[in-house]
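Here is the structure we will look at.
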Amino acid sequence: MNYDFREIEKKWQKKWVESKTYKVTEDKSKKKYYVLNMFPYPSGAGLHVGHPLGYIASDIYARYKRLKGFNVLNPMGYDAYGLPAEQYAIQTGQHPAITTEQNINHYREQLDKIGFSFDWSREIRTCDPSYYHWTQWAFEKMFNSYYCTKCQKAKPIEKLIHHFSEKGTEGIHAAQTKELSFTADEWNSWDEKKQQQILMNYRIAYLGETMVNWCSGLGTVLANDEVVNGVSVRGGYPVIQKKMRQWCLRVSAYAQRLLDGLDTIDWSDSIKETQRNWIGRSEGTEVVFKVKDSDLEFKIFTTRADTMFGVTFMVLAPESDKVAQVTTPEQKEEVEKYLDYVKSRTELERMSDHKVTGVFTGSYAINPFTEEAIPIWVGEYVLAGYGTGAIMAVPAHDSRDYAFAKHFHLPIIPLIEGADVSEESFDAKEGTVMNSPAAGKKGLDGFTLNGLNVKEAIAATKKFVTEKGIGRIKVNYRLRDAIFSRQRYWGEPFPVYYKDDMPYMIPEQFLPLTLPDIDQYKPTATGNPPLGRAKKWAWDTKSNKVVDTALIDNKTVFPIDLYTMPGFAGSSAYYLRYMDPHDDQALVSKEKDEYWQNVDLYVGGTEHATGHLIYSRFWNKFLHDYDYSCKEEPFQKLINQGMIQGRSNFVYRVNEKSKKDKPVFVSFNLRKNYKDVTPIHVNINIVQNDILDINAFKAWRPEYKNAEFILENGKYICGYAVEKMSKSMFNVVNPDDIVNKYGADTLRLYEMFLGPVEASKPWDTNGIDGCHRFLKKFWNLFWDNRSDQCLINEVAPSEASLKSAHKLIKKVGEDIEKFSYNTAISAFMIAVNELSQQKCHNHDILKELVVLIAPFCTHIAEELWHELGEKGSVCDAQWPTYDEKYLVENEIQMTISFNGKARYQKVFSADADVESIKKAVISDEKSQKYIAGKNIIKIIVVPKKIVNVVFKN
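Under the UniProt record's numbering, the letters of the sequence shown match residues 1 to 953, in that order.
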């Protein structure tokens with residue numbers, strides 16, 4: 001019987017659905033294992049072969065753990081909100097829900113064809129009100145919480161209100177936007193609006209004025225990674241920096257816990273280091289600088305307060321409120337012109353681009369150590385969100401300060417004896433004596449650093465700053481609060497209404513607040529977000545329901561928030577909802593949360609290293625503070641799959657011979673015979689093994705209809721290159737095409753065989769045949785294709801067959817645990833070859849092989865499992881164990897070389913000593929034709945590997 005993969009895969013995919021093979025329930029008699037893929041966004045283009053890479057890798061591990069006796073949760077759903085669907089809605093007028101549903105159906109069809117073990121009964125979609133109910137619920141919890149810096153956890157805002165009413169800010173320990181100071185009497189004398197404004201300074205979800213990437217063309221705020229070279233990635237619209245009132249999440253309050261948590265999870269060192277750098281913890285000193293001839297002052301944060309004798313200028317971030325306050329009338333025009341320039345630059349561009357720009361404000365600050373006046377500049381390399389938005393510049397010991405000083409001809413004063421003040425050398429080494437003229441200066445109250453080493457100087461400076469009251473010791477973090485609102489329609493609406501311009505939460509029992517219908521999906525004529533078009537978008541506080549906007553009276557009926565939540569809102573706690581997706585009373589029940597706990601294996605791309613992974617860890621820690629999540633870290637182990645790159649093909653247009661209506665193309669190996677040749681991407685679907693289907697090419701595009709070809713040996717050979725998969729390069733491979741031609745099991749096997757899971761590798765359809773032939777060969781251990789005879793028997797296996805099988809059991813198990821799937825597949829190929837040569841068709845050995853291959857190629861495994869006479873699904877089989885006695889090597893095979901050239905293989909006894917190996921090689925008749933009449937100088941034996949006979953002619 002032939003291996004009919006089409007019928008086999010169709011049959012088993014249907015049976016899995018009918019039998020609910022992958023449906024999972026909580027089972028306390030089994031150990032749990034939770035496998036999760038990063039939430040996919042269902043785009044209109046559907047999947048290409050690069051997308052399933054991580055899904056296949058995690059599916060193999062999920063199936064393996066199930067075979068090892070674990071109760072495995074392996075869910076799937078959709079991150080269904082997003083800008084692409086909304087932009088399509090703007091262009092066509094079609095509701096984004098319709099497009100999203102179509103895309104999801106296409107994705108589901110493609111995923112099902114590949115044979116994943118997803119429990120679809122737990123499917124969630126972020127655009128489903130029953131799901132975003134809990135996103136809104138979590139947001140309300142954050143709004144009604146503050147972060148206690150003493151106990152390091154979130155607490156109800158009511159506790160803070162109570163403290164204010166009794167003690168004001170005295171003894172308060174709370175993360176805050178600005179440091180405030182007021183008494184209990186002052187608090188109690190303020191009206192409701194004033195108190196709400198004060199509380200906004202402490203809430204974990206708060207409204208704040210913040211700089212954003214504003215894109216008027218898309219009518220929304222964009223994240224840094226959605227902007228390139230000052231324009232939006234989608235649409236290419238101009239983007240400017242703009243200060244806007246936005247919802248924010250106080251992620252920065254959790255910075256230390258986010259750092260500490262990295263020590264408790266099994267992630268790669270590179271991802272952990274990326275997160276540490278993003279969080280950016282630094283210990284230093286906050287120092288106050290006063291503005292000359294003014295009552296103004298500003299704070300700076302520095303990790304090296306000992307360098308303050310070398311400060312020669314100050315720099316403010318362009319967004320700082322202080323810029324307008326310190327700019328003199330003479331400099332106003334120049335400063336405003338510079339600020340307009342900076343608006344077109346994203347923070348990401350400013351951090352990565354080391355172009356030196358800046359402008360002098362006209363004012364001077366007083367160095368609190370030396371009491372010298374130093375100029376105050378504005379420069380884009382200083383960011384408002386990091387530290388205080390102002391820096392003291394020490395150009396002798398900081399690269400960017402140095403570049404700025406050189407560019408604008410500002411003084412550079414070295415502090416360290418023998419310091420090489422150049423663009424390449426800035427850092428002071430520990431132990432260097434600080435006795436330069438600058439360090440020898442006597443500052444305020446005679447303070448000097450003369451004669452101290454760096455470590456001593458830092459300690460002395462910190463002590464001096466705190467004693468004199470000109471600053472304080474402080475830990476600072478680069479991590480900033482997350483902007484949590486977008487000016488879009490297609491997203492989770494905020495459950496917020498506004499009374500007297502202050503936000504109030506819609507009562508929890510009336511959630512979810514669902515999106516209203518609107519006539520168009522673009523901003524209003526007055527610039528309001530799309531929700532400003534809603535005719536029914538007001539909250540009636542008496543009836544507790546949404547009513548017509550025309551009824552707003554700001555007494556009992558109030559306007560609802562016009563913003564929606566960003567993409568990461570729905571993906572920040574979805575792993576918890578998978579545990580209990582149909583619960584309408586809680587995000588996840590206590591019982592199910594305690595059973596599944598957290599994700600044991602999380603698989604996704606490295607592009608989420610700082611965004612999604614930071615936000616979801618923060619979100620989970622917040623929920624953990626209130627005991628809604630039993631584990632503080634959501635993802636215990638993280639695997640980052642690499643990228644499958646496209647293999648592009650090219651044809652070569654001979655420009656000197658071509659005409660507009662009759663282009664001429666030369667085959668790859670003949671292209672150098674012509675002077676003017678242009679490579680052109682060609683659709684890889686009309687190329688087979690780099691040979692162009694000429695007729696298909698002529699039909700591909702009208703301009704190629706009359707094309708002529710210069711062939712080699714009667715064929716047109718295309719060139720190739722490895723590039724990112726892209727429609728524009730015509731190198732996107734649809735997994736449906738591979739499944740139709742070779743089968744899902746071949747696709748699964750080949751994607752894993754390409755290389756290590758975490759490595760990027762090129763897709764090459766030319767190599768997929770080998771995996772397909774292997775599956776046929778595996779099938780032929782069970783069936784004789786010529787006679788349709790079943791070969792399975794009870795004949796006792798030979799020692800060699802037992803050895804082949806048990807080596808494979810050991811190797812595959814170890815490699816799956818290490819996610820080294822490609823080497824496991826290689827071992828499988830070797831074992832099948834050995835068993836084929838040994839003519840082994842023993843039932844028990846074949847049964848073990850079927851279980852071993854089931855995680856990789858589950859369709860063929862199911863079919864053969866039943867051919868073996870087994871009941872139920874192979875998914876519920878038991879993972880085989882190996883016996884050490886079959887792994888003992890009685891013989892070893894070594895390569896025999898002569899003067900370094902390998903000539904043949906020879907088998908020796910495993911306990912053969914070096915001398916007996918040498919004698920056996922010399923006496924072997926195969927050696928005689930290489931050494932006859934030669935003068936043998938020496939014989940080198942590398943144990944278990946190679947023998948090299950060295951001789952002279």
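Beta carbons are placed, not taken as given, at the ideal position from N, Cα and C, and that holds for glycine.
Computed from a prediction, not measured in an experiment: that's the story for all the values here.
Bounds of any alpha helix (DSSP H) do not take in S363; it lies within the beta strand (DSSP E) bounded by 359-366.
Inter-segment contact for the segment 731-744 and the segment 753-770 is present: three or more beta-carbon pairs are separated by less than 8 Å. Taking 3 residues as the minimum length, the beta strand (DSSP E) runs contained wholly in the segment 703-764 are 708-710, 719-723, in order along the chain. Annotation for L36: no alpha helix (DSSP H) segment contains it, though the beta strand (DSSP E) segment containing it runs 32-37. According to the DSSP assignment, K926 belongs to no beta strand (DSSP E) but to the alpha helix (DSSP H) extending over 925-931.
Separation of Y41 and G604 (C-alpha to C-alpha, rounded to the nearest whole angstrom) is 13 Å. Of the candidates V651, H612, Y563, Y628, Y628 places its Cα closest to the Cα of E591.
The C-alpha of V851 is placed about 7 Å away from the C-alpha of V874. Sixteen is the threshold: since fewer than 16 other Cβ atoms of the shown chains lie within 10 Å of the Cβ of S189, the residue is exposed. Residue pairing by DSSP puts R245 in a beta bridge opposite E209. Residue nearest to A573 within the set A609, K535, E633, K542 is E633 (criterion: CA-CA distance). When DSSP states are grouped into helix, strand and coil, D4 belongs to the coil group. Taking the CA atoms as reference points, E26 sits about 51 Å from A184. Between the beta-carbon of L775 and that of L846 there is about 15 Å, and that puts the pair past the 8 Å contact cut. Counting only the Cα atoms, Y595 lies some 55 Å from V323. Within a 10 Å sphere around the beta-carbon of Y341 sit fewer than 16 other beta-carbons, which makes this residue exposed.
The C-beta distance from V795 to G642 rounds to 44 Å, too long to meet the 8 Å contact threshold. Taking all protein chains shown into account, S927 has 16 or more neighbouring C-beta atoms within 10 Å of its C-beta and is therefore buried. In the DSSP secondary-structure assignment, P375 is bridged to Y364. Per DSSP, reduced to three states, the secondary structure at V227 is strand. Proximity of the segment 238-256 to the segment 476-484 meets the contact definition, three or more beta-carbon pairs being nearer than 8 Å. Taking Y131 as the centre and dropping the five residues before and after it, the same chain places the C-beta of I124 closer than 6 Å to its C-beta, in chain order.
Distance check between N229 and each of P238, K535, N695, H859 places P238 closest, using alpha-carbon atoms only. In the structure shown, N685 falls within a helical segment according to DSSP collapsed to helix, strand and coil. Listed in chain order, the beta strand (DSSP E) elements of length 3 or more contained wholly in the UniProt domain "Aminoacyl-tRNA synthetase class Ia" (11-149) are 32-37, 71-73, 145-148. As computed with DSSP, M314 is found in a beta bridge with I376, M392. Ranked by how close their Cα comes to the Cα of A305, the residues I204, A459, A586, S589 have A459 in first place. For the pair K343 and I240, the CB atoms are nearer than the 7 Å cut-off. For D883 against H806, the beta-carbon gap comes to about 6 Å, under 8 Å, which counts as contact. Check the Cα spacing between R350 and each of K141, E891, G379: the tightest is with G379. With fewer than 16 other Cβ atoms from the protein chains shown falling within 10 Å of its own Cβ, R701 counts as exposed.
R647 is positioned such that its CB atom lies closer than 7 Å to that of V722. The bridge partners DSSP lists for A482 are L249. Exclusion of the five residues before and after A569 leaves T135, E492 as the residues of its chain whose Cβ lies within less than 6 Å of its Cβ. Taken in chain order, the complete beta strand (DSSP E) segments of 3 residues or longer contained in the segment 589-670 are 601-604, 638-640, 644-654, 664-666. Counting the other CB atoms within 10 Å of its CB gives M1 a total below 16, which places it among the exposed residues.
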